[in-house]
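When we follow this note's numbering, the leftmost residue of the sequence shown carries the number 689, and every step to the right adds one. Note that the Cβ used here is the ideal one computed from N, Cα and C, for glycine as well. Note that the coordinates shown come from a computational prediction; the quantities given were computed from them, not determined experimentally.
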Amino acid sequence: MRALAIPADTHNDFADLVDSMHRLRARVFKDRLGWTVDVRDGRESDQFDGFSPTYIVALSSRSQIVGCARLLPATGPTMMDVLFPDLGASGLYKPNAFMIESSRFCVDTALDEGRAGGSLHDATLTMFAAIIEWAMVSGYREIVTGTDLRIERILNRAGWPMKRLGEPRRIGETTAVAGVLPADRRSFERVRPASYYSTFCPQLRAA
């Protein structure tokens, strides 16, 4: 599967893909998971889409979006500020210039492509690898995220365990947990599926 980064200044250039991404988010977060999210005309979005994020998307062989995530500098407005406002005051969460926040991560695991027999769908692993690779190429060393216990278990199964920042808590319809993930080559090599392809940095994929 192919990974693509869509920086803020190219959102208009990839308008169709961005639109498909918002549709995927609506299908996953509202229809499948039942979260209380803002969906209009079949597209999910929130205020953080207005802060010039970089979107990471995974594309099938037919160029269909099968996964996505939103990346924002941890030092700017982030979902962490809203979901876990106490972590900064407690000293557990220390945003810095080498940390990026990942949010709105989702994957269309109903797709037949990528079910090669592994325990995790290739779309999931492609997204993990792409987030790590983009972060490294962009000068980030850590990825902070607020997610649910289901994704935390998937991260562990992928060999990319998250270091928790505090205890899980109930937020809306889910039990959420905040944590930090390393953005390094070792993690990239561990999660990258055989089908992975991107144009971020060919040197990282050299054997």
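Beta-carbon proximity check, residue i vs residue j, cutoff 7 Å
i      : j      : result
Ile820 : Ile788 : no
Thr833 : Ala691 : no
Phe816 : Val879 : yes
Arg852 : Val865 : yes
Ala696 : Ser740 : yes
Thr862 : Pro856 : no
Nearest-angstrom beta carbon gap, residue j and residue i [assumed within contact, 8 Å]
i      : j      : result
Arg758 : Phe772 : About 17 Å; that fails the 8 Å criterion.
Phe786 : Tyr743 : With 8 Å as the limit, Phe786 and Tyr743 do not qualify as a contact, their Cβ atoms being about 21 Å apart.
Ser883 : Asp810 : 5 Å
Ser748 : Leu712 : Contact flag wrong, Cβ pair sits at about 12 Å.
Leu869 : Met850 : 5 Å
Leu675 : Gly854 : Shown here, the chain extends from 689 to 895; a query on residue 675 therefore has no answer.
Phe793 : Ile839 : 7 Å
Val745 : Leu775 : With 8 Å as the limit, Val745 and Leu775 do not qualify as a contact, their Cβ atoms being about 28 Å apart.
Those residues which DSSP pairs with residue i across a bridge
i      : result
Leu721 : Leu721 pairs with nothing; no bridge assigned.
Ser748 : DSSP output for Ser748 lists no bridge partner at all.
Val795 : Gly755
Arg728 : Arg731
Tyr903 : The displayed coordinates of the chain run from 689 to 895. Any statement about residue 903 would go beyond what the structure contains.
Leu869 : Ile831
Glu840 : Its beta-bridge partners do not exist; DSSP assigns none.
Where residue i falls, given that 16 or more other Cβ within 10 Å makes a residue buried
i      : result
Ser886 : buried
Ala894 : Bear in mind that a pLDDT of 47 at Ala894, under 50, signals an unreliable position, so the model cannot answer this.
Thr812 : buried
Thr835 : buried
Ala714 : buried
Gly688 : The first residue shown for the chain is 689 and the last is 895, placing residue 688 beyond what the model contains.
Gly755 : buried
Glu732 : buried
Ala823 : buried
Ser791 : buried
Ser708 : buried
Ala777 : exposed
Ala762 : buried
Ala703 : exposed
Residue i: CB within 6 Å of a non-hydrogen atom of the ligand GTP
i      : result
Tyr885 : With respect to the ligand GTP, the structure offers nothing, as it holds no ligand at all.
Looking at C-beta atoms only, is the number of pairs between the region 749–769 and the region 722–733 that lie closer than 8 Å three or more?
The region 749–769 is not in contact with the region 722–733.
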